[in-house]
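Down below is the structure, laid out as structure tokens.
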Amino acid sequence: MRITDTSDLWWKTAVIYCLDVETYMDWNGDGIGDFEGLSHRMDYLQELGVTCLWLMPFYPTPDKDDGYDVTDFYGVDPRLGNHGDIVEVIRTARDRGMRVIIDLVVNHTSDQHPWFKASRASLDNPYRDYYVWQKKKPAKEPEPVFPDKEDSIWELDEKTGEYYLHSFYKFQPDLNVTNPKVRDEIAKIMGFWLQMGVSGFRLDAVPFLLDTSGASPAAGELGDPMEYFRSLRSFLGRRSGEAIMLGEVNVERKDQLDFYGGTDGDALTMQFDFIVMQNLYLSLAREDASPLVDAIASRPATHVESQWANFVRNHDELTLDKLSDEEREEVFAAFGPEEEMQVYGRGIVRRLPSMLHGDPRRIRMVYSLLFSLPGTPVLFYGEELGMGENLKIEGRSSVRTPMQWDASANGGFSSASPRKLTAPVTEGGFSPEHINASAQRHDPDSLLHFMRRLIERYRASAEIGWGEFAVIKQDAPSVLVHSMANGEGRLVALHNLASEPAGVTFRLTDLDEGTKLVDLLLDGTSFHPEEDGTVHVALDGYGHRWLRVLTPGEKRLG
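Residue numbers (UniProt numbering): 1 to 558.
Below, the structure is given as structure tokens:
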């Protein structure tokens with residue numbers, strides 16, 4: 001299939017950039033980021049090469065869980081702006097070639113949501129079945145998602161004498177998706193924001209949304225949960241031909257294809273690949289590419305329009321739950337050895353640069369690897385600068401510090417006094433004094449310039465998003481050599497996960513005479529295969545190369 005036949009599937013070659021409006025740019029000086037500030041940073045995002053903004057929750061909220069406790073799915077938190085401001089952000093983004101997707105948090109609401117307040121007013125209130133209630137707390141229940149904060153997923157409502165389900169915090173009661181009225185509300189929420197101009201949704205906690213095991217039989221019937229997702233995808237397609245559903249689906253490999261809608265690809269458009277992410281860190285800890293290769297190979301075959309979303313960091317803890325206990329301990333020892341760096345017994349609360357001790361060679365190698373893997377890359381704000389975390393902030397919020405724009409007070413995020421900031425800035429070696437956008441914009445050797453070039457090369461290499469992945473055999477265990485190829489071309493990527501240099505020899509088959517391999521990332525060096533297709537490449541410690549395969553007469557640029 002030629003790319004020109006499917007140019008409307010923009011997500012296959014997108015660069016997704018996740019940000020929290022609250023911590024990105026404060027324009028009115030109250031210490032809280034706002035939509036007006038984000039609008040003034042669109043040129044920066046365009047220069048970086050972002051093609052899709054993912055906005056974390058901006059809805060009205062008591063803000064007990066960074067906005068994921070929502071009180072109005074149709075509203076905008078007044079601290080951040082209003083509907084006019086978000087429309088301006090969407091318009092400005094479109095003007096600069098960027099789409100906008102937003103968090104859809106419909107697994108639960110805040111306990112301050114009008115629906116929940118009404119539901120606990122009486123047992124026969126019309127909103128009662130918007131939530132999941134039981135007369136008695138079940139004898140057996142799964143472990144809470146946040147075992148350090150909650151000891152049960154059921155909470156007694158003293159007024160009505162029944163227990164409500166909360167998969168996460170007790171102030172986030174679960175919605176009852178078996179209730180057709182709730183399903184209608186979800187569709188209306190999606191329709192509203194599509195009408196406002198968004199290009200899709202990042203669906204929060206998808207497996208919890210579809211888990212109806214705690215619902216009372218009297219509450220309603222959902223039938224096949226995946227059929228419900230198919231109906232949402234169909235609704236999405238009717239309202240907007242370009243819109244996507246990107247799911248947070250951290251499940252075992254055997255279950256992932258179901259969330260795509262099987263090989264028909266008619267449910268989720270994209271899924272985050274948590275298994276590849278976790279095994280990437282295991283490979284980095286071992287300086288051995290094998291765990292990462294095995295993780296990619298374990299992906300189920302999907303529909304051509306389905307896509308994996310690759311990431312090295314997100315806004316939550318760096319979860320390691322799909323690794324074995326022994327593997328998890330290896331990663332902890334390498335990247336989060338101290339107790340304050342770990343959370344829930346399964347995750348790390350640090351950003352990549354601090355985990356890699358600020359080593360610029362290793363940091364750049366990891367991002368080069370991320371962008372070369374089959375799928376669509378997703379960045380968390382500040383990754384392009386090498387921002388670190390603030391371990392003085394409890395738990396997974398340690399990575400949600402204000403964006404570092406310059407070396408001035410508060411990193412240029414806000415003119416408010418530090419005590420008024422929505423979160424304290426990072427301190428120490430990763431503080432704004434050392435890591436900021438202004439300085440890096442003027443430094444051609446900075447990580448920001450590297451990321452710009454990386455994104456530019458990725459966007460010009462559509463075979464990464466569309467091509468077929470293949471591991472190329474060679475003898476260095478610390479090195480991953482793989483190719484991405486389709487009708488548009490072929491790219492060979494080499495990444496050395498070890499600090500020691502490595503000489504790599506591999507063989508390419510079916511090459512025309514005169515074929516050359518041109519380095520796209522570093523210096524434009526050409527490598528000429530021997531007559532039998534053998535190629536020799538020397539890699540520095542943490543070295544990386546993207547080699548475009550160019551045949552004689554090839555019209556693509558090297």
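Positions of the beta carbon are idealized from the N, C-alpha and C atoms, including for glycine. Please read all numbers here as calculations on a predicted model, not as lab measurements.
Relative to the alpha-carbon of residue i, which residue among the options has its alpha-carbon at the smallest distance?
i	options	result
GLY428	ASP445, THR422, ALA407 and ALA437	ALA407
ILE101	ASP316, GLU500 and VAL89	VAL89
HIS166	LYS137, ASN179 and ARG396	LYS137
LYS140	LYS170, SER213, PRO180 and ASP148	SER213
GLY81	PRO62, GLU36 and LEU48	GLU36
GLN172	VAL537, PRO337, GLY67 and ILE363	GLY67
residue 562	GLY467, SER499, PRO444 and SER415	The chain is shown from 1 up to 558; residue 562 falls before or after that span and cannot be answered.
PRO529	VAL518, LEU522 and THR302	VAL518
PRO300	ALA289, ILE275 and ARG313	ILE275
TYR17	GLY49, LYS135 and LEU320	GLY49
GLN278	GLN342, GLN307, ARG313 and GLY261	ARG313
MET245	ALA93, TYR344 and ASP266	ASP266
GLU383	MET190, LEU19 and PHE272	LEU19
SER354	LEU454, ALA289, SER398 and GLY375	SER398
LYS254	GLY241, SER231, ALA297 and TYR281	ALA297
ILE459	VAL331, LEU521, ARG286 and ASP34	It should be noted that the sequence gives Arg, not Ile, for residue 459. The candidate whose alpha carbon is nearest that of ARG459 is LEU521.
ASP43	VAL76, ASP26, ASP95 and MET56	ASP95
ARG233	LEU257, ARG286, GLY261 and TRP27	GLY261
PHE146	GLY388, ASN410, TYR344 and PHE335	TYR344
PRO62	GLU330, ARG453 and GLN112	GLN112
Are there 16 or more other CB atoms within 10 angstroms of the CB of residue i, so buried, or fewer, so exposed?
i	result
ASN250	buried
ASP129	buried
PRO239	Per the sequence shown, the amino acid found at residue 239 is Arg instead of Pro. Flag for ARG239 reads exposed.
LEU156	exposed
ASP204	buried
SER199	buried
THR109	buried
ASP124	exposed
VAL549	buried
ARG12	Checking the sequence shown, residue 12 turns out to be Lys, not Arg. Result: buried.
VAL471	exposed
TRP546	buried
GLU340	exposed
VAL349	buried
PHE229	buried
HIS544	buried
PRO57	buried
TYR74	exposed
GLY97	exposed
ASP512	exposed
Is the CB of residue i under 8 Å away from at least one CB in chain B?
i	result
TYR344	Any reference to chain B falls outside this structure, which holds one protein chain only.
With a threshold of 6 Å on Cβ separation, who are the neighbours of residue i within its own chain once the five nearest residues in sequence on each side are excluded?
i	result
MET1	Confidence is the limiting factor: at MET1 the pLDDT is only 37, short of 50, which leaves the residue's position unreliable and the question unanswerable from this model.
PRO144	GLU150 and ILE153
ASP8	none
LYS135	GLU162
ARG556	GLY489
LEU292	ASN279, LEU280 and SER283
Specify, as a first and last residue, the run of the alpha helix (DSSP H) that residue i falls within.
i	result
ILE186	180–195
GLY428	Taken as a continuous stretch (DSSP letters only), GLY428 belongs to no alpha helix (DSSP H), as it is neither H nor E.
HIS449	447–459
VAL206	206–210
PHE235	225–239
The ligand FMN and residue i: does the residue's C-beta get closer than 7 Å to at least one heavy atom of that ligand?
i	result
ILE32	Within the structure as shown, the ligand FMN is missing, as the structure has no ligands at all.
Would you kindly report the start and end of the unbroken beta strand (DSSP E) that includes residue i?
i	result
GLY17	In the sequence on display, residue 17 carries Tyr and not Gly. First-last of the beta strand (DSSP E) with TYR17: 16–19.
TRP115	From DSSP, TRP115 is part of no beta strand (DSSP E) but of the alpha helix (DSSP H) over 114–119.
GLY489	489–496
GLU468	468–471
GLU162	162–165
ARG202	200–203
ALA485	479–486
ALA538	534–539
Please work out which residues of its chain come closer than 8 Å, Cβ to Cβ, to residue i, disregarding the five sequence neighbours upstream and downstream, and give them in chain order.
i	result
GLN474	VAL481, VAL504, THR505 and PHE506
TYR542	ASP359, ARG361, ARG362, ARG364, MET365, ASN496, LEU497, ALA498 and SER499
ASP540	ARG361, ASN496 and PRO501
So, for residue i: in the same chain, excluding its five sequence neighbours on each side, which residues have a beta-carbon less than 7 Å away from its beta-carbon?
i	result
ALA243	LEU194, SER199, GLY200 and LEU236
PHE380	CYS18, ARG313, ASN314 and HIS315
ARG120	ASP157, LYS159 and THR160
ASP72	TYR59 and PRO60
PRO126	none
PHE469	ILE296, PRO374, HIS482 and MET484
Next item on the list: Note down, one range per segment and in chain order, each beta strand (DSSP E) of at least 3 residues found wholly within the stretch 244–325.
Entry: Look at the stretch 244–325 and you find these whole runs of beta strand (DSSP E), each 3 residues long or longer: 244–247, 270–272 and 307–310.
Contained beta strand (DSSP E) runs [length at least 3] in the stretch 329–415, N- to C-terminal order
376–380
Checklist entry - Which whole runs of the alpha helix (DSSP H) in the stretch 89–159 are 4 residues long or more, in chain order? => result 114–119
request  = Give, in chain order, every unbroken run of the alpha helix (DSSP H) that is at least 4 residues long and sits entirely within the stretch 8–77.
outcome  = 21–24, 35–39 and 42–48
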